[in-house]
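In the working numbering, the protein residues as written are 10 to 682.
All residues carry an ideal CB built from backbone N, CA and C; glycine is no exception.
Remarks on the structure that follows.
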Ligand code: SAH
């Protein structure tokens, strides 16, 4: 069987399907991209699960003479093997059934179980647990213990509520003797003030007095109402807690409430605010009682909530469970000791929160039209300031009267209209209809003195390029995944047959890179080998094979969320420069680079990004902002994680090949050393 995979084609600006003649491709793609390795590197998770499994089996074996364990979502078979190890120390007769819905993973489970010699004790079934039948799949042998790790950052996003509810209902009749690991969960939130987090949620005014452009309230939340997941420990200094942690939802996995389709709505009255401030966001985390007594705990509590500073220092790093950020419908100013009502709601998979007096839950939740980083791109002051400076420089030349704007970014066209009402702006409509509607709604709500026109294509019928003095782009396109996908701007320009004699903004782009030693991020792709003295090498082998076959060498990541060693291992290196005026035809540019290493360390990653030259001496970056030596929050960067990290000493060189294939519109890269 052959199959297709999707990528962003920057020549056409669309997601496209690429034909792959390999029957394993789609499985391998899913395998290679799963955050499984990171989860298995989560030492605290593994240890707490094993402790709870041992304790629960020990307790059950005192009253039962037969234990049937069901491991839901077995993955590598890890929890089943832990259970097998614990059961061997009892005198009970036992049985372990492991169920895994993702077939390639079920195959890996079988291999891992065999490798560790537990194949006689554990039976793997490749099914969703909710499809298991007590008679046919379990031969009528009721379960009396469930182990499951089916949680995501939002706790319930992988369908945990239904998973537990159905297993309890259909696979046992003796709920009293049933034990579940974990046994219960609590979802917590904390009210926080954070203009930084608001940047990812609400479009900010263009100017203090909103002279011309006025953004209507209902156009301000383009990233939707659902979770913004992020590693909150990394942004501790960009938020200020306004309340104590608030336990909101309590789940007992033995008695999940399945009325109303697993929805629950709650108002917590009189939540006390601890200091003056503005409730900009809610930080969410959860905690599990692993055993029935709640002695063994596992959770995603943020570092600042630990009383024990030493413990907070050594908090488990994880990527598979991070933190949830949610937003109130409107930020709310509060005073110290003021009491507020907290509205909380969850459905089968997601959570929602609000404060204030608005009706809750809202009748319809807003879907996302823009990514969180694109929202930050609109709001970020440094980025805005660069465009303002660039426009001021460009427009100081009075011969510019008519401009054409290309792209999905809302900021630049609005800035031009706000700053230069005398300029005629022709806007090429985005292919994203929601963005076109939003732009129209903003413009209709704004001052009537604006001079603009939207056109569906830039064929001659709609615009005469000879009469255009300047073409502008941020450039930003919603379908972009990697930083250079926005080079779609170059392809749009060069589709035109007319000469590009007008001014271009930006004029050039350059792709840059830096060698890094990540503190943790590299773990998401590094081999697991042993986990709690269990050999998981069959898993490593499959993942390695899958990622060699299909994984993009450079993956998108928001690097402001991931710390790395300072000073960096190398300076910033320019790899390729693209002059938007020049036509590169179908050229393939590929060169060899020796990245000079300037600090000792282990190189486990190379980060890539793109900068745009707006005007002479004015560059806008999507990578490291040199002014404050931090990663831009308004764009993801490209990251290559080295399968084999390299020990480096200052004075050494890291050799890579990098370039650009203008025909395919693809960034090219490989490491040599
Ligand atoms: N138990 C393993 C893997 C946890 S990851 C460990 O702790 O290391 C969760 C796994 O559960 C994934 O492989 C996912 O495919 C699977 N899964 C989630 N819900 C499931 C369900 N209801 N039935 C079967 N598999 C499920």
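(request) Please report how far the alpha carbon of residue 14 lies from the alpha carbon of residue 567, in whole angstroms. (result) Working through the chain shown from its first residue, we reach residue 14 at position 5. Working through the chain shown from its first residue, we reach residue 567 at position 558. Its pLDDT being 49, under 50, residue 14 is placed unreliably in this model, and the coordinates cannot settle the point.
(message) I need the DSSP call for residue 14, collapsed to helix, strand or coil.
(response) Counted from its first residue, the chain shown places residue 14 at position 5. Bear in mind that the predicted position of residue 14 carries a pLDDT of just 49, short of 50, making it unreliable; the figure below should be weighed with that in mind. Strand at residue 14.
(request) Would you give the residue range spanned by the alpha helix (DSSP H) that residue 422 belongs to? (result) As a working note, residue 422 is residue 413 in the chain shown. Start and end: 420-428.
(request) Tell me whether residue 137 counts as near the ligand SAH, meaning its Cβ is closer than 7 angstroms to at least one heavy atom of that ligand. (result) Residue numbering aside, residue 137 sits at position 128 when the chain shown is read from its first letter. Yes.
(message) So, under 8 angstroms CB-CB, residue 61 and residue 300 are touching, yes? Tell me the CB distance rounded to an integer number of Å.
(response) Along the chain shown, read from residue 1 onward, the residue named residue 61 stands at position 52. Along the chain shown, read from residue 1 onward, the residue named residue 300 stands at position 291. That pair is a contact at about 5 angstroms.
(request) Give a single yes or no on whether residue 154 has its beta carbon closer than 7 angstroms to a heavy atom of the ligand SAH. (result) For this step, residue 154 is matched to residue 145 along the chain shown. Not so, every heavy atom of the ligand SAH lies at least 7 angstroms from the Cβ.
(request) Would you mind listing the beta strand (DSSP E) stretches within the segment 151-181 that are 3+ residues and don't spill past its ends, in chain order? (result) 154-157
(request) Inspect the beta-carbon positions of residue 353 and residue 277 and report whether they are closer than 8 angstroms. (result) Counting from one through the chain shown, the residue named residue 353 turns up at place 344. Counting from one through the chain shown, the residue named residue 277 turns up at place 268. One thing to note: residue 353 has its Cβ within 8 angstroms of the Cβ of residue 277.
(message) Could you tell me the alpha carbon to alpha carbon distance between residue 626 and residue 483, rounded to whole angstroms?
(response) Residue numbering aside, residue 626 sits at position 617 when the chain shown is read from its first letter. Residue numbering aside, residue 483 sits at position 474 when the chain shown is read from its first letter. Whole-angstrom Cα-Cα distance: 17 angstroms.
(request) List the endpoints of the continuous beta strand (DSSP E) containing residue 599. (result) Counted from its first residue, the chain shown places residue 599 at position 590. Looking at the DSSP string, the run of the beta strand (DSSP E) that includes residue 599 is 597-605.
(message) Alpha carbons only, please: which of 524, 64, 179, 128 is nearest the one belonging to residue 581?
(response) Along the chain shown, read from residue 1 onward, the residue named residue 581 stands at position 572. For residue 581, the closest alpha carbon among the candidates 524, 64, 179, 128 is that of 524.
(request) Put residue 314 into one of helix, strand or coil per three-state DSSP. (result) Start at 1 with the first residue of the chain shown, and residue 314 comes out as number 305. Looking at residue 314 - three-state DSSP - the assignment turns out to be helix.
(message) Only counting the same chain, and skipping five residues up and downstream in sequence, which positions put a Cβ closer than 8 angstroms to that of residue 174?
(response) Start at 1 with the first residue of the chain shown, and residue 174 comes out as number 165. So the list reads 265, 267, 271, once near-sequence residues are dropped.
(request) Compute the distance between the beta-carbons of residue 137 and residue 106, then report whether it is under 8 angstroms. (result) Against the chain shown, residue 137 aligns to sequence position 128. Against the chain shown, residue 106 aligns to sequence position 97. No, these two residues do not count as a Cβ contact at 8 angstroms.
(request) State the Cα-Cα distance for the pair residue 305 and residue 139, rounded to the nearest angstrom. (result) The residue labelled residue 305 in the question sits at position 296 within the chain shown. The residue labelled residue 139 in the question sits at position 130 within the chain shown. Taking the straight line joining both Cα atoms gives about 27 angstroms.
(message) I'd like to confirm something about residue 110: is its beta-carbon nearer than 7 angstroms to some heavy atom of the ligand SAH, or not?
(response) For the purposes of this step, residue 110 is taken as the residue at position 101 of the chain shown. True, at least one ligand heavy atom lies under 7 angstroms from that Cβ.
(request) List the endpoints of the continuous alpha helix (DSSP H) containing residue 113. (result) Within the chain shown, numbered from 1, the residue matching residue 113 stands at position 104. Counting along the chain, the alpha helix (DSSP H) containing residue 113 begins and ends at 112-124.
(request) Starting from residue 610, follow the beta strand (DSSP E) in both directions and report where the run begins and ends. (result) Taking the first residue of the chain shown as 1, we reach residue 610 at position 601. Element bounds for residue 610: 610-624.
(request) Measure the CB-CB distance between residue 190 and residue 65 and report whether it falls below 8 angstroms. (result) Within the chain shown, numbered from 1, the residue matching residue 190 stands at position 181. Within the chain shown, numbered from 1, the residue matching residue 65 stands at position 56. Cβ distance < 8 angstroms, so residue 190 and residue 65 count as in contact.
(message) Give me, in chain order, the residues of the same chain whose beta-carbon lies closer than 7 angstroms to that of residue 520; leave out the 5 immediate sequence neighbours on both sides.
(response) Counting from 1 along the chain shown, the entry for residue 520 is found at position 511. Closer than 7 angstroms at the Cβ level, and outside the excluded window around residue 520, lie 493, 584, 585, 617, 619, 676.
(request) Rank 123, 335, 307 by C-alpha distance to the C-alpha of residue 199 and give the top, closest one. (result) Walking along the chain shown from the start, residue 199 turns up at place 190. Ranking the options by Cα distance to residue 199, first place goes to 335.
(request) Report buried or exposed for residue 10, applying the criterion of at least 16 other Cβ atoms within 10 angstroms of its Cβ. (result) Within the chain shown, numbered from 1, the residue matching residue 10 stands at position 1. Any answer about residue 10 is weak, because its pLDDT of 36 lies below 50 and its placement is not dependable; what the coordinates show is given next. By the neighbour-count rule (16 or more Cβ atoms within 10 Å), residue 10 is not buried but exposed.
(message) Would residue 362 and residue 291 be called neighbours here (beta carbons separated by less than 8 angstroms)?
(response) If you number the chain shown from 1, residue 362 lands on position 353. If you number the chain shown from 1, residue 291 lands on position 282. Yes, these two residues count as a Cβ contact at 8 angstroms.
(request) Just the C-alpha distance for residue 648 and residue 490, rounded to the nearest angstrom, thanks. (result) Taking the first residue of the chain shown as position 1, residue 648 is located at position 639. Taking the first residue of the chain shown as position 1, residue 490 is located at position 481. Going from the Cα of residue 648 to the Cα of residue 490 covers about 12 angstroms.
(request) Would you kindly report the start and end of the unbroken beta strand (DSSP E) that includes residue 390? (result) As a first step, residue 390 is located in the chain shown; it is residue number 381 there, counting from the start. Judged by DSSP secondary structure, residue 390 falls outside any beta strand (DSSP E) and instead within the alpha helix (DSSP H) spanning 390-404.
(request) For residue 202, verify whether its CB is less than 7 angstroms away from any heavy atom of the ligand SAH. (result) To locate residue 202, count along the chain shown from 1; it is residue 193. Checking the Cβ of residue 202 against the ligand SAH gives no.
(request) Would you check whether the ligand SAH has a heavy atom nearer than 7 angstroms to the C-beta of residue 159? (result) Numbered from 1 along the chain shown, position 150 holds the residue referred to as residue 159. For the ligand SAH, at least one heavy atom lies less than 7 angstroms from the Cβ of residue 159.
(message) Tell me the rounded alpha-carbon separation between residue 257 and residue 120.
(response) As a first step, residue 257 must be located in the chain shown, where it is residue number 248. As a first step, residue 120 must be located in the chain shown, where it is residue number 111. Taking the straight line from one Cα to the other gives about 41 angstroms.
(request) Please state if the CB of residue 360 and the CB of residue 428 are separated by a distance shorter than 8 angstroms. (result) Looking up residue 428 in the chain shown gives position 419. Looking up residue 360 in the chain shown gives position 351. Not a contact, by the Cβ cut-off of 8 angstroms.
(request) Could you tell me which uninterrupted alpha helix (DSSP H) segments, each at least 4 residues in length, are contained entirely in the segment 61-115, listed from first to last along the chain? (result) Taking only runs of at least 4 residues, the alpha helix (DSSP H) segments lying wholly in the segment 61-115 are 87-96.
(message) Given this structure, state the Cα-to-Cα distance separating residue 539 from residue 680, to the nearest angstrom.
(response) If you number the chain shown from 1, residue 539 lands on position 530. If you number the chain shown from 1, residue 680 lands on position 671. Rounded to the nearest whole angstrom, the CA to CA distance from residue 539 to residue 680 is 28 angstroms.
(request) May I ask you to report which of helix, strand or coil DSSP gives residue 493? (result) Numbered from its first residue, the chain shown carries residue 493 at position 484. Looking at residue 493 - three-state DSSP - the assignment turns out to be helix.
(message) To the nearest angstrom, how far is the alpha carbon of residue 12 from that of residue 495?
(response) Position 3 of the chain shown, counting from 1, holds the residue named residue 12. Position 486 of the chain shown, counting from 1, holds the residue named residue 495. Its pLDDT being 42, under 50, residue 12 is placed unreliably by the model, and the measurement read from it follows with that caveat. Their Cα atoms are separated by approximately 27 angstroms.
(message) Taking 8 angstroms as the limit between beta carbons, can you name the residues of its chain near residue 201, skipping five residues before and five after?
(response) Within the chain shown, numbered from 1, the residue matching residue 201 stands at position 192. Excluding residues within five positions, the ones whose Cβ falls inside 8 angstroms are 248, 249, 250, 251, 288, 289, 290, 291, 292.
(message) Which of the three DSSP states is assigned to residue 384 in this structure?
(response) What you label residue 384 is simply residue 375 of the chain shown in a count that begins at 1. Three-state result, residue 384: helix.
(request) Between the Cα of residue 326 and those of 655, 54, 642, 599, spot the shortest distance and give me the residue it belongs to. (result) Residue 326 sits at position 317 when you count from the first residue of the chain shown. The shortest C-alpha separation from residue 326 is found at 54.
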